[in-house]
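2 protein chains.
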Amino acid sequence: MDKNIPYKIYLSEDELPKQWYNVRADMKIKPAPLLDPATGKPVTLDQMSGIFCRELAKQEFDNDTPYIDIPAEILDFYKMYRPAPLVRAYFLEKALGTPAKIYYKFEGNNTSGSHKLNSAIAQAYYAKKQGLKGVTTETGAGQWGTALSMACSYFGLDCKVYMVKVSYEQKPFRREVMRTYGADVTPSPSDTTEVGRKILAEFPGTTGSLGCAISEAVETAVNTEGYRYVLGSVLSQVLLHQSIIGLETMAACDKYGIKPDIIIGCAGGGSNLGGLISPFMGRKLRGEADYRFIAVEPSSCPSLTRGKYAYDFCDTGKVCPLQKMYTLGSGFIPSANHAGGLRYHGMSAVLSEQYDEGLMEARSVEQTSVFEAATQFARIEGTLPAPESSHAIRVAIDEALKCKETGEEKTILFGLTGTGYFDMVAYQKYNDGVMMDYIPTDDELAKSFAKLPKI
Amino acid sequence: MDKNIPYKIYLSEDELPKQWYNVRADMKIKPAPLLDPATGKPVTLDQMSGIFCRELAKQEFDNDTPYIDIPAEILDFYKMYRPAPLVRAYFLEKALGTPAKIYYKFEGNNTSGSHKLNSAIAQAYYAKKQGLKGVTTETGAGQWGTALSMACSYFGLDCKVYMVKVSYEQKPFRREVMRTYGADVTPSPSDTTEVGRKILAEFPGTTGSLGCAISEAVETAVNTEGYRYVLGSVLSQVLLHQSIIGLETMAACDKYGIKPDIIIGCAGGGSNLGGLISPFMGRKLRGEADYRFIAVEPSSCPSLTRGKYAYDFCDTGKVCPLQKMYTLGSGFIPSANHAGGLRYHGMSAVLSEQYDEGLMEARSVEQTSVFEAATQFARIEGTLPAPESSHAIRVAIDEALKCKETGEEKTILFGLTGTGYFDMVAYQKYNDGVMMDYIPTDDELAKSFAKLPKI
Numbered sequence: 000m001d002k003n004i005p006y007k008i009y010l011s012e013d014e015l016p017k018q019w020y021n022v023r024a025d026m027k028i029k030p031a032p033l034l035d036p037a038t039g040k041p042v043t044l045d046q047m048s049g050i051f052c053r054e055l056a057k058q059e060f061d062n063d064t065p066y067i068d069i070p071a072e073i074l075d076f077y078k079m080y081r082p083a084p085l086v087r088a089y090f091l092e093k094a095l096g097t098p099a100k101i102y103y104k105f106e107g108n109n110t111s112g113s114h115k116l117n118s119a120i121a122q123a124y125y126a127k128k129q130g131l132k133g134v135t136t137e138t139g140a141g142q143w144g145t146a147l148s149m150a151c152s153y154f155g156l157d158c159k160v161y162m163v164k165v166s167y168e169q170k171p172f173r174r175e176v177m178r179t180y181g182a183d184v185t186p187s188p189s190d191t192t193e194v195g196r197k198i199l200a201e202f203p204g205t206t207g208s209l210g211c212a213i214s215e216a217v218e219t220a221v222n223t224e225g226y227r228y229v230l231g232s233v234l235s236q237v238l239l240h241q242s243i244i245g246l247e248t249m250a251a252c253d254k255y256g257i258k259p260d261i262i263i264g265c266a267g268g269g270s271n272l273g274g275l276i277s278p279f280m281g282r283k284l285r286g287e288a289d290y291r292f293i294a295v296e297p298s299s300c301p302s303l304t305r306g307k308y309a310y311d312f313c314d315t316g317k318v319c320p321l322q323k324m325y326t327l328g329s330g331f332i333p334s335a336n337h338a339g340g341l342r343y344h345g346m347s348a349v350l351s352e353q354y355d356e357g358l359m360e361a362r363s364v365e366q367t368s369v370f371e372a373a374t375q376f377a378r379i380e381g382t383l384p385a386p387e388s389s390h391a392i393r394v395a396i397d398e399a400l401k402c403k404e405t406g407e408e409k410t411i412l413f414g415l416t417g418t419g420y421f422d423m424v425a426y427q428k429y430n431d432g433v434m435m436d437y438i439p440t441d442d443e444l445a446k447s448f449a450k451l452p453k454i
Numbered sequence: 000m001d002k003n004i005p006y007k008i009y010l011s012e013d014e015l016p017k018q019w020y021n022v023r024a025d026m027k028i029k030p031a032p033l034l035d036p037a038t039g040k041p042v043t044l045d046q047m048s049g050i051f052c053r054e055l056a057k058q059e060f061d062n063d064t065p066y067i068d069i070p071a072e073i074l075d076f077y078k079m080y081r082p083a084p085l086v087r088a089y090f091l092e093k094a095l096g097t098p099a100k101i102y103y104k105f106e107g108n109n110t111s112g113s114h115k116l117n118s119a120i121a122q123a124y125y126a127k128k129q130g131l132k133g134v135t136t137e138t139g140a141g142q143w144g145t146a147l148s149m150a151c152s153y154f155g156l157d158c159k160v161y162m163v164k165v166s167y168e169q170k171p172f173r174r175e176v177m178r179t180y181g182a183d184v185t186p187s188p189s190d191t192t193e194v195g196r197k198i199l200a201e202f203p204g205t206t207g208s209l210g211c212a213i214s215e216a217v218e219t220a221v222n223t224e225g226y227r228y229v230l231g232s233v234l235s236q237v238l239l240h241q242s243i244i245g246l247e248t249m250a251a252c253d254k255y256g257i258k259p260d261i262i263i264g265c266a267g268g269g270s271n272l273g274g275l276i277s278p279f280m281g282r283k284l285r286g287e288a289d290y291r292f293i294a295v296e297p298s299s300c301p302s303l304t305r306g307k308y309a310y311d312f313c314d315t316g317k318v319c320p321l322q323k324m325y326t327l328g329s330g331f332i333p334s335a336n337h338a339g340g341l342r343y344h345g346m347s348a349v350l351s352e353q354y355d356e357g358l359m360e361a362r363s364v365e366q367t368s369v370f371e372a373a374t375q376f377a378r379i380e381g382t383l384p385a386p387e388s389s390h391a392i393r394v395a396i397d398e399a400l401k402c403k404e405t406g407e408e409k410t411i412l413f414g415l416t417g418t419g420y421f422d423m424v425a426y427q428k429y430n431d432g433v434m435m436d437y438i439p440t441d442d443e444l445a446k447s448f449a450k451l452p453k454i
C-alpha cells in the first residue's frame with residue numbers, strides 16, 4: 000500500500016462541497032432545447048412548471064450559471080450519508096497484478112443503496128418549498144424510488160412510485176422498503192393510467208420499461224391537485240445535483256495528488272456518469288486538464304454505442320417534451336436484463352452532446368461478463384456491487400488488464416454507484432449458470448428508429 | 000447542531016486500534032471455566048483444539064492478557080470497511096424533542112450488513128494460518144454466515160454454513176449472497192447430521208434455533224478432515240475480536256470529549272453488546288469512570304431477564320462443552336420472532352458474569368414496539384435498521400423520552416449493529432399490521448429449566 004494514500008478517503012464535513020457544478024456553463028455547444036411535440040417550438044418555463052416544480056424547471060433551463068448554492072436543508076441531509084468514500088482498490092490491483100492504480104467512488108452507503116439520494120433530496124426539498132402535497136415518479140431498479148421515498152418521508156411529502164414491472168417482480172423487498180418510508184408503489188405498466196392501459200393493450204405481457212413508467216407518473220402528476228412529477232435521471236437538473244459526486248471526488252483527488260487518466264461510469268439515463276465526470280469535464284472543457292471518459296452501457300440497451308443522436312420522446316407514452324439525445328427510439332423496450340437502472344432508451348442531453356463532440360467514449364458490455372466482474376470484485380474488495388455499477392467495474396478491470404500488458408501505470412477511477420442487496424435474483428441466475436445475454440438486432444433497432452419523430 | 004461535533008465521526012486510518020481489548024483481564028471474578036459434560040471437569044486446550052482452531056482456543060482460555068495485537072493481515076482487511084462511523088443522531092434528538100444527546104456506532108456499512116465481519120475475518124485468518132481446508136458454522140439472521148463467507152472467500156477457505164430454518168425461509172437472498180462468496184448453505188435442522196436427524200424426529204416441523212444449528216456445524220467439523228468449527232457469538236474470543244467496536248467508539252468519544260452516561264446494545268449471544276461495552280466496562284472495573292450499561296433482548300427469548308445463571312449446554316444437541324451463563328435451557332426453542340440473531344437460549348459467559356455482579360442492566364422488549372422504533376428511526380435518521388439492532392433503538396428512544404420528562408441532558412450511546420435490507424418479510428408484516436408478540440409462559444420456562452444439567 001502507498002503510505003500516503005489510505006484505503007478509504009473521507010473528506011471532513013467542512014471539506015464537503017457547498018455548491019453544485021453546472022457543466023453546461025462551460026460547454027461551448029449547449030444541449031439543444033426541449034421541444035413541445037405539439038408545436039415543435041421550445042418548451043417554455045411556464046409549460047415546464049406544470050409538470051415539474053418551478054425551481055427545478057428553472058435549473059433545467061439554466062445553461063449559464065456554473066455554480067449553484069446547495070440550500071442549507073439539503074446540506075444537512077447530505078451529512079446523514081455523505082461524504083461518500085473514495086476508495087483505493089488496493090486488493091483488486093494486487094489480485095489483477097496490474098501496475099494501474101484503481102480508485103472508486105462508492106455511493107452505496109445509504110439505505111437507498113445508491114447515488115440516487117443526492118438528487119431525490121434536492122427535488123423533494125424544492126417540492127416542499129413550493130408548498131406541494133406530493134410527487135410522482137417512476138423507478139427502474141428501485142434505487143430511485145427508494146431514494147425518493149426516503150427524501151419525501153424526511154420532508155413529509157406524499158410519494159407515488161410507478162415501478163417497472165420486471166423490477167417489481169424481481170425485487171419484492173424493494174417495494175417494502177419504499178412502503179416502510181411511506182410510499183405508494185404500483186407496477187408499471189398499470190391500469191391506473193390512460194397511457195398504461197394503452198401500452199398494456201399494445202404490448203400485452205410486457206415487462207415494462209422506464210419509458211412506460213415515466214409516462215404513467217407524468218399523467219398522474221398532471222391530473223392530481225398539488226402534485227408534480229420528479230425524475231431520477233436524464234434531466235440536466237439531475238446531473239446538476241449529482242455533480243456532488245464528482246466535486247467530492249475531485250476534492251479528494253486534489254487533496255491527495257491523485258490524477259486520474261481514465262474515468263469510467265455506468266450509463267443508463269446518465270445521472271451517475273454525468274455526476275461523476277462533470278467537474279472533470281469542466282476542467283477538460285476549460286483546457287485545464289485532460290481525461291479519458293468512458294460511458295459503459297449494457298449491450299441489450301446500447302443508446303450511445305448504437306443509438307441515433309436525434310430529437311425523441313423521453314417516455315414511451317409520448318406525454319413528455321422532445322429532447323435531442325442519443326436514443327434507441329422511445330418505443331424500444333429492452334429485453335429483461337438484470338440492470339433495471341440501465342434499461343432506458345435515451346441518454347442525458349448533456350452527455351449526448353459531449354459524446355457527439357468526441358469528449359467522451361462509450362462501450363457496451365454483456366451481462367454475463369458484467370456479473371463475472373461483479374463476483375470477482377465482491378470477493379476481492381468485499382462490497383457486493385449493484386448490476387448497474389458492475390458495468391463500470393467490468394471496464395475498469397479490462398482497462399487495468401490492458402495496463403498489465405503494456406506496463407503502463409495509469410490511474411483508473413470509476414463510480415461504484417450502489418450495492419446489490421436487492422439484486423439477488425440476478426446473482427442467483429449467474430450463480431446457477433443460467434444467465435442469458437441479449438443483443439438487439441439491427442433490424443429491431445431500424446424498426447424503432449423508423450418511429451422517431453420527424454423534426 | 001453542535002459545531003464541535005460533526006454528524007458522523009470517522010477516525011483516520013492511523014487512529015484505528017491496533018490491538019483488541021480483553022475485558023476478562025480486568026474482571027475480578029473471571030467467567031467460570033468450560034466443563035467437559037462427560038467428566039464435569041474443565042475442558043483442556045487440547046480438547047478445545049479438536050473443535051476450534053488452536054490460536055482461537057488459546058484466546059478462549061486467556062483471562063489475563065488485557066491487550067492482544069491484531070495481526071497485520073486482519074488490520075488490512077479491517078481497512079476495507081472500517082472505521083465505522085460514530086454518528087450523532089441530531090435528527091432523532093430534534094424529532095423526539097429531547098435534551099438528551101444521542102450517539103450510535105454504526106456497524107452496517109459492509110456487505111455482511113453487520114458487525115459480524117469483525118470476528119469472522121479474525122477466525123478465518125487463524126484457520127488459514129493453521130493450514131486448515133475449511134470451517135463450518137451456523138447462522139441465525141444470516142449476518143454471521145454472510146460475514147464468514149466473505150472472510151473465507153478472502154483467505155481462500157471452504158465455508159459450510161448451517162442456517163436456522165426460519166431465517167433460511169424468510170431470507171432466501173441471504174443464501175445467494177453467501178453463495179456469491181462461495182459458501183455452501185444448508186437449512187437447519189437438516190438430515191445431513193446425526194444430531195439434525197434426532198432433533199427433526201423429536202420436534203417435527205421445528206423452525207430451528209441457533210442451538211440446533213450449532214450442533215450440526217460442530218458435528219460436521221469434527222467429522223471432516225481439515226475442518227474446524229467457528230462461532231459468531233457467545234464465546235469470549237468473539238467478544239475479544241468485537242472489542243474493536245468499543246475501542247473505536249471510545250477513541251472517537253475521547254477525541255471529541257463525549258462522555259456517555261448510558262450505553263445500550265442488543266443482546267443475543269452477546270457479541271455486539273460485549274464488543275461495544277468492553278473497553279468502557281474496563282474503565283468501570285478499574286474505577287476510572289462510571290457508565291450504565293443496558294442489554295436489550297426480545298421478550299420472546301429473555302435469557303438475561305428471565306433466565307437462570309447456571310451451567311448449560313451451548314447447543315441443543317449437547318455436543319459442545321458446558322458453559323456457566325444466563326440461559327433459558329438448551330432445549331428452549333424460541334417462537335419465530337423476526338430478530339433471528341437474538342434467538343439464542345444463552346448468553347456470553349463474560350456478560351453473564353458482569354450482569355450477575357450488577358455491573359450491567361437488562362431489559363426485554365416486544366417486537367411490535369421494536370419495529371415501531373425501527374420505522375421511526377429509518378424515517379428520521381435515514382438508515383433502515385436490522386430488527387436486532389432495533390432492540391437497542393427502542394430502549395435508546397425510551398431513555399431519551401425519559402430525559403425529555405426530567406429535563407436531564409444525558410448522553411446516550413447505542414450500537415446500531417446492522418441494516419435491515421434482508422429483513423423485509425418482517426417489515427412487511429409490521430407494515431401490514433399483522434406482526435405478533437410472543438412471550439414464553441413461566442410454565443414453559445420452568446419445563447426448560449428442569450432439563451438443565453445437574454452440576
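Top line first, the protein sequences correspond to chains A and B.
For the first sequence, numbering that gives the first Met the number 0 assigns the number 454 to the last residue and increments by one with no breaks.
For the second sequence, numbering that gives the first Met the number 0 assigns the number 454 to the last residue and increments by one with no breaks.
Just so it is clear, CB atoms sit at the ideal spot from N, CA and C, and this is done for glycine as well.
Residues of its chain near residue i, where Cβ-Cβ distance is below 6 Å and the 5 sequence neighbours each way are ignored
i, result
"residue 173(A)", "141, 421"
"residue 419(A)", "383, 384, 385"
Proximity winner among the options, relative to residue i (alpha-carbon distances)
i, options, result
"residue 322(A)", "49(A), 7(A), 27(A), 59(A)", "59(A)"
"residue 371(B)", "391(B), 168(B), 164(B)", "391(B)"
"residue 447(B)", "225(B), 327(B), 284(B)", "327(B)"
"residue 104(B)", "157(B), 324(B), 118(B), 83(B)", "83(B)"
"residue 22(A)", "237(A), 112(A), 302(A), 451(A)", "237(A)"
"residue 207(A)", "434(A), 40(A), 316(A)", "316(A)"
"residue 417(A)", "270(A), 20(A), 122(A), 398(A)", "270(A)"
"residue 449(A)", "331(A), 338(A), 403(A)", "331(A)"
"residue 188(A)", "202(A), 178(A), 294(A), 182(A)", "202(A)"
"residue 354(A)", "139(A), 0(A), 276(A), 77(A)", "276(A)"
"residue 380(B)", "51(B), 7(B), 3(B)", "7(B)"
Close-in-space but distant-in-sequence residues of the same chain around residue i (CB under 7 Å, 5 per side omitted)
i, result
"residue 369(B)", "386, 389, 390, 393"
"residue 35(B)", "42, 46, 320"
Residue-chain proximity (residue i, chain A), Cβ-Cβ < 8 Å
i, result
"residue 378(B)", "yes"
"residue 367(B)", "no"
"residue 175(B)", "yes"
"residue 78(B)", "yes"
"residue 218(B)", "no"
"residue 231(B)", "no"
"residue 420(B)", "yes"
"residue 247(B)", "no"
"residue 96(B)", "no"
Expected contact under 8 Å - CB spacing of residue i and residue j to nearest Å
i, j, result
"residue 235(A)", "residue 349(A)", "5 Å"
"residue 87(B)", "residue 180(A)", "Going by Cβ atoms, the distance from residue 87(B) to residue 180(A) rounds to 22 Å, so no, they are not a contact pair."
"residue 296(A)", "residue 341(A)", "6 Å"
"residue 204(B)", "residue 403(B)", "That belief does not hold up - the Cβ atoms of residue 204(B) and residue 403(B) are roughly 46 Å apart, past 8 Å."
Cut-off 8 Å between Cβ atoms - residues of its own chain near residue i, not counting five sequence neighbours on either side
i, result
"residue 72(B)", "124"
"residue 247(A)", "10, 15, 16, 81, 82, 83, 85, 104"
"residue 259(B)", "102, 252, 279, 290, 410, 411, 412"
Chain E contact residues for residue i, given Cβ-Cβ distances below 7 Å
i, result
"residue 178(B)", "Protein chains in the displayed structure are A and B, and chain E is not among them."
Practice problem: Check each residue of the region 137 to 161 of chain B: if its Cβ is closer than 8 Å to any Cβ of chain A, include it; give the result in chain order. | Solution: Answer in chain order: 149, 152, 153.
Self-check item: Contact set between the region 106 to 130 of chain B and chain A, restricted to residues whose Cβ is under 8 Å from the partner
Solution: 108, 109, 110, 112: these are the residues of the region 106 to 130 of chain B whose beta carbon lies less than 8 Å from some beta carbon of chain A, given in chain order.
Quiz item: Got a sec: which bits of the region 383 to 414 of chain B sit with their beta carbon under 8 Å from any beta carbon on chain A, in order along the chain?
Solution: Of all residues in the region 383 to 414 of chain B, only 383 come within less than 8 Å of chain A when Cβ atoms are compared, listed by chain position.
Self-check item: Selection of the region 7 to 30 of chain A by Cβ proximity to chain B, strictly under 8 Å
Solution: The residues in question are 7, 9, 11, 12.
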